[in-house]
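Student: Position one of the sequence shown corresponds to residue 55 (the numbering used here), numbered consecutively onward.
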Amino acid sequence: MGKKLKELAGDVSENELASTVKESAQQIWLAGLGAFAKAQEEGGKVFEALVKEGESIQARTRKMTDERIAQVAGKASGTWDRLEQVFEDRVARALGSLGVPSKQDIERLSRRVVELSAAVQALTEGKAAPKAAARAAKPAAQEPASTTDEPAEKAPARKPASARPATRRAAAKPAAVKAVPPVTPADVLNTIPQASE
Numbered sequence: 055m056g057k058k059l060k061e062l063a064g065d066v067s068e069n070e071l072a073s074t075v076k077e078s079a080q081q082i083w084l085a086g087l088g089a090f091a092k093a094q095e096e097g098g099k100v101f102e103a104l105v106k107e108g109e110s111i112q113a114r115t116r117k118m119t120d121e122r123i124a125q126v127a128g129k130a131s132g133t134w135d136r137l138e139q140v141f142e143d144r145v146a147r148a149l150g151s152l153g154v155p156s157k158q159d160i161e162r163l164s165r166r167v168v169e170l171s172a173a174v175q176a177l178t179e180g181k182a183a184p185k186a187a188a189r190a191a192k193p194a195a196q197e198p199a200s201t202t203d204e205p206a207e208k209a210p211a212r213k214p215a216s217a218r219p220a221t222r223r224a225a226a227k228p229a230a231v232k233a234v235p236p237v238t239p240a241d242v243l244n245t246i247p248q249a250s251e
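What follows is the structure, given as structure tokens:
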């Protein structure tokens with residue numbers, strides 16, 4: 055460009071030189087404005103393309119990260135479960151060696167207690183009635199026959215008072231009838247015949 059100006063300068067006068075410089079400056083200015091406008095247009099497009107690419111990369115990265123976290127969490131959970139099971143087994147063995155009953159032992163014993171309670175209840179209900187009837191029958195048998203509504207058979211003649219033994223007098227009195235106390239499981243167990251009897 056400098057050569058061109060020198061050639062023009064030699065041929066042309068100063069006015070023409072000034073107008074040529076002015077025109078060149080104008081063209082340079084316009085070229086710069088055009089380059090700026092083009093960069094602005096394409097810069098916006100490039101910027102938008104970069105934003106879209108960044109969003110895509112971020113989504114893929116997040117997905118891979120979530121998958122890795124899920125894998126690690128699954129492995130850690132499995133490890134904790136195994137560790138917990140090993141610990142529980144060792145504690146159960148230690149308690150068993152000390153003679154401490156297990157949960158299953160306690161549940162089995164609880165069921166047995168319920169069964170035995172039901173059996174005692176059945177025995178209580180089944181044996182209480184005959185025992186109460188036997189208690190009621192004994193005092194009724196000892197009462198004199200005159201208390202019944204039916205006429206009594208003629209009794210044999212009595213001996214004179216001097217001829218009777220003294221011990222009979224105490225036995226002739228009827229025993230007082232007492233109220234029947236409530237039946238307890240111990241009473242029921244006492245009524246069951248033992249093998250030695």
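C-beta: ideal position from N, C-alpha, C; glycine also.
Using the three-state DSSP reduction, which class does V140 fall into: helix, strand or coil?
Tutor: If you number the sequence shown from 1, residue 140 lands on position 86. Three-state result, V140: helix.
Student: Rounded to a whole number of angstroms, what is the C-alpha to C-alpha distance between V145 and L137?
Tutor: Mapped onto the sequence shown, residue 145 falls at position 91. Mapped onto the sequence shown, residue 137 falls at position 83. Roughly 12 Å between the two C-alpha positions.
Student: Have a look at L149 and A176 and give me their C-alpha separation to the nearest angstrom.
Tutor: The count along the sequence shown starts at 1 and reaches residue 149 at position 95. The count along the sequence shown starts at 1 and reaches residue 176 at position 122. Cα to Cα, L149 sits roughly 37 Å from A176.
Student: Cα separation between S78 and L71?
Tutor: Numbered from its first residue, the sequence shown carries residue 78 at position 24. Numbered from its first residue, the sequence shown carries residue 71 at position 17. Rounded to whole angstroms, S78 to L71 spans 10 Å at the Cα level.
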